[in-house]
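K.L.:
My questions will all concern the structure given below.
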Amino acid sequence: MWEAATVAFENLLVPTRLLYLFIGVFMGLALGAIPGLGGLVGLAILLPFTFDMDSFEAFAIMIGLISVTSTSDTIPSVLFGVPGTSASQATILDGHPMAKKGEAGRAFGGAYMASLIGGVFGSLVLALSIPVLRPIVLAFGSPEFFMLGFLGISMVAVLSGNAPVKGLIAGALGLCVGMVGMDPQTGVLRWVFGQLYLWDGVPLVPVALGIFAIPEIVDLTIRGTRIADVPKERLVGVLSGIRDTFRNWFLVVRCGVVGVFVGAIPGLGASVVDWFAYGHAIQTEKGANETFGTGDVRGVLAPEAANNAKEGGALIPTIAFGVPGSASMALLLGAMTIQGLTPGSAMLTKDLAVTYTMIWSLAVANIFGTVLCMLLTNTLAKIAMVRINLLTPLVVVIVFLASFQATRHYGDLWSLLFFSLLGWLMKRFGWPRPPLILGLVLSGIIENYLFISVSRYGAAWMARPIVMIVAVLIVVSLYYGVRNARKQRELQQERDAQVEHEGSGDTDEA
Amino acid sequence: MKRSKAVSWCTLFCLLLFAGLMTTTAAAKTINILIGYPPGGGHDIEARVMARYLGKYLPGNPKVIVQNMPGAGGMIMSSYVYNRAKPDGATIGLFGSSHGLQAVLAPPEMVKYDLSKMPILWSVAGIQVHLTRDFLGARNANDLLTKVDRSKIAVAGRSKQGSSCLRGQLALRLLGVETYTAVCAYGGTSPIRAAMERSEVSYFVASDAHLVGGGAFVDLHNRGLVFPMYQSGILKSDGTIARSATVKGDVPTLYEVYKSVHKKEPSGPDWEAWRAIGLGISNLTRTLVLPPGIAGAKVGELREAVGKMAKDPGFVKDWERVFGQKLAPVLVAPDDASKIRDETMAPAEWQDHLRKFVAAK
Amino acid sequence: MKLRANPGALFTVFILILMIGLVMTAKQWQFQARLFPWSIGIPTMLLCFLQLGMDLFRNRNEDEDLAGVMDLPVDRSVPVRVVIQRAVNIFSWIFGLYASIWIIGFILSVPLFLLLYLRIQAGESWKVAVTYMVVMMVFMVGVFEMVLHIPWPPGLINGPQAFILGLVEQHLSSLVPI
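Residue numbers (the working numbering), protein chains in the order written: chain A, 114 to 623; chain B, -11 to 349; chain C, 6 to 183.
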């Protein structure tokens, strides 16, 4: 194993391959920073070029690209409240308020450092688990995936703050949207209304951009000022963000673990990993209930560590079984096919050097990407000072283009428009939006895997060990969710009582 | 002042560029190959291999590009090619066997294309190989029918009305196996591969490509975890069914197994349905298709170019590296492909039978 | 408990109607297909009624509804009437962009939108508007047309878009190897 690792590292150090890695990193950073585009587009561009490359070059450039999209996707999330990729939605909740306070630089610094640690951690986990990779992944069957999906849904309670009813309804709405399309179990076309476009369901990208991106840009435009309503001198720099990361190193590592784990579950991956990490941070960090959502840097560190670690996680089932952990991984598999490689035990034995090339590329690309982003940060933070009317049309056009990219059909734009209105109204009336996204992503997983579990195992699926462990986790998660909500309600009542008391005191004096 | 100068130069440059573009002579048109699936899959890769070589053999050496138009199992693309693409030879669709199946099973108002009106340029036959897990205890078809505990047969499929699920169930019924569990909701081949490995399912209708090169089941096959029971075979234009050279080892066709079990020629609605979707449609597993209404001469020109491309050594080498199998045995001549398609897709009883089968619980 | 006027209740009613519609449509499907939709949809309808009740009768501060919700805080500094006015304005621009794409296609709508928005809405100078437009066009055509080969849908009036795409194809496509 060590031999293959060293051979792979030496292979990577060849100048042309490093160059390919750099090119991949540059492309990945650019794509991650443009809302809605992300790694998938870049991989699609690169795929035909890989015909003429050898395996080491092909994976250096492709992995270089996907490793860093989760680093630069922080940029639009923090500055505009528009998710750079579907993995940086949670970053918006605290990153954007930080930008409004003039702390964009700090948010970036923390995010990049957390991304770096998360990403390197992800590749480390992948590297070390090679010997036990296959048995671990094999232990997770349809019942286990169902339970993990259910665990994800239980996060809705955590992410609904003290509006649990609205949160549950939003989550249910997301689940329903996720059911649109052909039901694989019965062949029935559900809620398709005669539209071919909806056959495969509502795609995630237009929904996510509609729900998060457009409402933010609309609200910023309504306010009519710059993003940061704080004078230039108070733009807090990158270094304080880096210090924050080291101060919260344990949180970052934990979220790295969450990222690797969630990233390794096919279908779960990218779009929910940040929510899992954010939810976990709320449950475990002191005072999180008060400060998260208002510009707490920990609310940026958690999802950012996880979303970089997820790539290492997603590579696990891809390499070991040829089961793509995400859509980007599916393209990577395509590249493997072109190279004549067979995912499976061969990648862990005969072709181990190629596997290690991927792991090294992942680690090195994360380092390059972070350094590049750090260098650009203070310049980027200044965008927060640009007139909003210059940014609005740019974001709108990019969001339209990125949405259309999903299935290249007018339906993408209809979805975008519908969910934009819905998202803005939800925001205005205090309906939490994250549960809707969670519901949408998890709907298929929950329904299909439950059906498979019951068809295949009858009722016996519930007695499987991992299923029971996850059930306990769900109960614990729900308990914390309810307890936190109650605590917050009590605190709010206390605060109201205090305000009333002070108010009546003033009146008396007057 | 500096900035406005830059803007002025910029604008001037653009105007000049535009003027220049308007006056240069026309170059050869681009040919678009449309894929009904997202990038990275088998269709996409095949089209990209073709795109590298096809232009060479067409008049004017046009550039060939691949456009992905995913959705509705390829039907958004097929609807576009049939209804919107101009019949000038610049748009070619890469259709799959799902297009034939959906034409029968999908609600009629959603099937916005008519295969019989679309000329075929090239067709690659897909051969199915029915695989079982070792723990069932069957090393060949005979074992499957005599030694196996049938309650343990769990047929995997991507969806209830998907080809893998239907072909598997029809084959088992034809051989007299009525008790099995159908678990048809995995959504894709990769989850099924993983499910096979962890013994969640035990029967899957894979393709010959899955067992060679970088195919999904190569690993399991090499490790002795899956065994091929029978293959679909290739349907010849004279109606006979032959074993495919792309399936290694002594793997009989379903037809041979049926005859050895029932001692007679196969017949009946299940057989007609299986023959149509397991052979007829599957022989057109990846077909290059043109929009309707193209002049015969143009079709001939394109067929000739594609035929030459198929013999290009560079193309053949790339193909074999990527798909891990020889091209020649699975290439179906356009005329044969058209004949098979028209015969298979003509309205017939098997189509109603199949619809009833899918609709049943 | 007093009945209070709460615009948020209207939104809840909208969601409720949506859920009722979804549940009713599912009635015609076979059992297996409507099992999951109904297990989710019917309890959710009940939750909607509960929320409606809370919206109309519960005596809570408006800000309280939003504090602690795990989502971005809403800025309440702008008066509601202005908010509605500006929201209608910006959404009109967004829907207008869509309408334009539908009529004349993506390739022409994007520069038109940028130009008009920057000049009319933002009040920027011609210099800024045109530079912006040119840069965006280069990006759009360069990445989405020449590299990704996005199949742009035809607009109702497709002549101009087809012409421009034709020019790009003829003269620029050789610049990019794929």
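We treat Cβ as the ideally placed atom computed from N, Cα and C, and that holds for glycine.
(1) Indicate the three-state DSSP secondary structure (helix, strand or coil) for T11(B) in the structure shown.
(2) Per the contact definition of three or more C-beta pairs closer than 8 Å, is the segment 585 to 594 of chain A in contact with the segment 257 to 264 of chain A?
(3) For L15(C), count the other beta carbons within 10 Å of its own beta carbon; 16 or more makes it buried, fewer makes it exposed. Which is it?
(4) Counting only the same chain and skipping the five closest in sequence on each side, list residues whose C-beta sits under 7 Å from that of A72(C).
(5) Could you check where the alpha helix (DSSP H) with V92(B) kicks off and where it finishes?
(6) If the cut-off is 7 Å on Cβ atoms, which residues from the segment 149 to 176 of chain C count as contacting chain E, listed in chain order?
(7) Using a cut-off of 8 Å between C-beta atoms, extract the partners of K540(A) located in chain C.
(8) Whether or not the segment 162 to 178 of chain A and the segment 132 to 145 of chain A are in contact is what I'm after, with contact meaning three or more pairs of Cβ atoms, one per stretch, closer than 8 Å; do they touch?
(9) Mind listing which residues of the segment 455 to 489 of chain A have their C-beta closer than 7 Å to chain B's C-betas, in chain order?
(10) So what does DSSP say about V542(A), is it helix, strand or coil?
(11) With three or more C-beta pairs closer than 8 Å as the rule, is the segment 356 to 363 of chain A touching the segment 408 to 428 of chain A?
(12) From the beta carbon of S178(C), is the nearest beta carbon of chain B less than 7 Å away?
(13) S195(B) bridges to which residues according to DSSP?
(14) At 8 Å on the CB atoms, spell out the chain A contacts of G114(B), in chain order.
(15) Determine the extent of the beta strand (DSSP E) in which N479(A) is found, giving its start and end residues.
(16) For the alpha helix (DSSP H) that contains A459(A), what are its first and last residues?
(17) Considering only the alpha carbon of each residue, which of K399(A), P248(A), D387(A) and V331(A) lies closest to L461(A)?
(18) Between the segment 231 to 242 of chain A and the segment 417 to 434 of chain A, do at least 3 Cβ pairs fall closer than 8 Å?
(19) How many Å lie between G223(A) and V191(A) at the Cα?
(20) Residue range of the alpha helix (DSSP H) that M151(C) falls in?
(21) Nearest CA to the CA of G249(B): which residue from F83(B), A91(B), K44(B) and D131(B)?
(22) A293(B) lies in the alpha helix (DSSP H); which residues open and close that run?
(23) So, are the CB atoms of I115(B) and D226(B) less than 7 Å apart?
(24) What does DSSP give as the partner residue(s) for P216(B) in the beta ladder?
(25) Around the C-beta of F123(B), are 16 or more other C-beta atoms found within 10 angstroms, so that it is buried, or is it exposed?
(26) Relative to the C-alpha of V269(A), which residue among G453(A), L352(A) and W388(A) is closest?
(27) Is it the case that the segment 206 to 215 of chain B contacts the segment 446 to 460 of chain A, given that we only count it when at least three CB pairs across the two stretches are under 8 Å?
(28) Which residue from G30(B), G81(B) and M106(B) puts its Cα closest to that of M333(B)?
(29) Work out the CA separation of L288(A) and P297(A) for me, nearest whole Å.
(30) Compute the minimum distance between the beta carbon of A31(C) and the heavy atoms of the ligand FMN, and state whether it is under 6 Å.
(31) At least one CB of chain A closer than 7 Å to the CB of A204(B): is that the case?
(32) Tell me whether I511(A) sits in a helix, a strand or coil according to DSSP, three-state version.
(33) Between the segment 131 to 144 of chain C and the segment 565 to 573 of chain A, do three or more beta carbon pairs fall short of 8 Å?
(34) Have a look at the DSSP bridge pairing and note the partners of G314(A).
(35) May I ask you to verify whether the segment 249 to 266 of chain B touches the segment 47 to 58 of chain B, counting CB pairs closer than 8 Å and requiring at least 3?
(36) For Y218(B), collect the residues of the same chain with a Cβ closer than 7 Å to its Cβ; drop the 5 residues on either side in sequence, then sort them by chain order.
P.N.:
In terms of the structure at hand:
(1) Annotation note: pLDDT 40 at T11(B) (below 50); position unreliable, no value reported.
(2) yes
(3) exposed
(4) Note that A72(C) scores 48 on pLDDT, short of 50, meaning its location in the model is unreliable; the coordinates nonetheless yield the value given after this. There are no such residues.
(5) Annotation: the continuous alpha helix (DSSP H) that includes V92(B) extends over S85 to L93.
(6) The displayed structure is made up of protein chains A, B and C, and chain E is not among them.
(7) The answer, in chain order, is D76, L77 and V79.
(8) yes
(9) T455, G457, S458 and A459
(10) A small correction: the amino acid at residue 542(A) is Phe; Val does not occupy that position in the sequence shown. In the structure shown, F542(A) adopts coil according to DSSP, grouped into three states.
(11) yes
(12) yes
(13) Q116(B)
(14) Ordered by position in chain A, no residue passes the 8 Å Cβ test against G114(B), which lies about 16 Å from the chain.
(15) Premise fails: N479(A) lies in the alpha helix (DSSP H), L465 to A494, not in any beta strand (DSSP E).
(16) S458 to L461
(17) P248(A)
(18) yes
(19) Distance between the alpha carbons of G223(A) and V191(A): 12 Å.
(20) First-last for M151(C): undefined, no H or E at that position.
(21) Inspection of the sequence shows that residue 249(B) is occupied by Val rather than by Gly. Among F83(B), A91(B), K44(B) and D131(B), the Cα nearest to that of V249(B) is on D131(B).
(22) G284 to K299
(23) no
(24) L119(B)
(25) Around the C-beta of F123(B), fewer than 16 other C-beta atoms lie within 10 Å, and the residue is accordingly described as exposed.
(26) W388(A)
(27) yes
(28) Per the Cα distances, M106(B).
(29) Straight-line Cα distance between these residues: approximately 16 Å.
(30) The ligand FMN is not part of this structure, which contains no ligands at all.
(31) So, interface residue.
(32) Look at I511(A) here: in three-state DSSP terms it is helix.
(33) no
(34) According to DSSP, which records beta bridges pairwise, G314(A) is partnered with nothing at all.
(35) no
(36) So the list reads H118, A129, V239, P240, T241, L242 and V245, once near-sequence residues are dropped.
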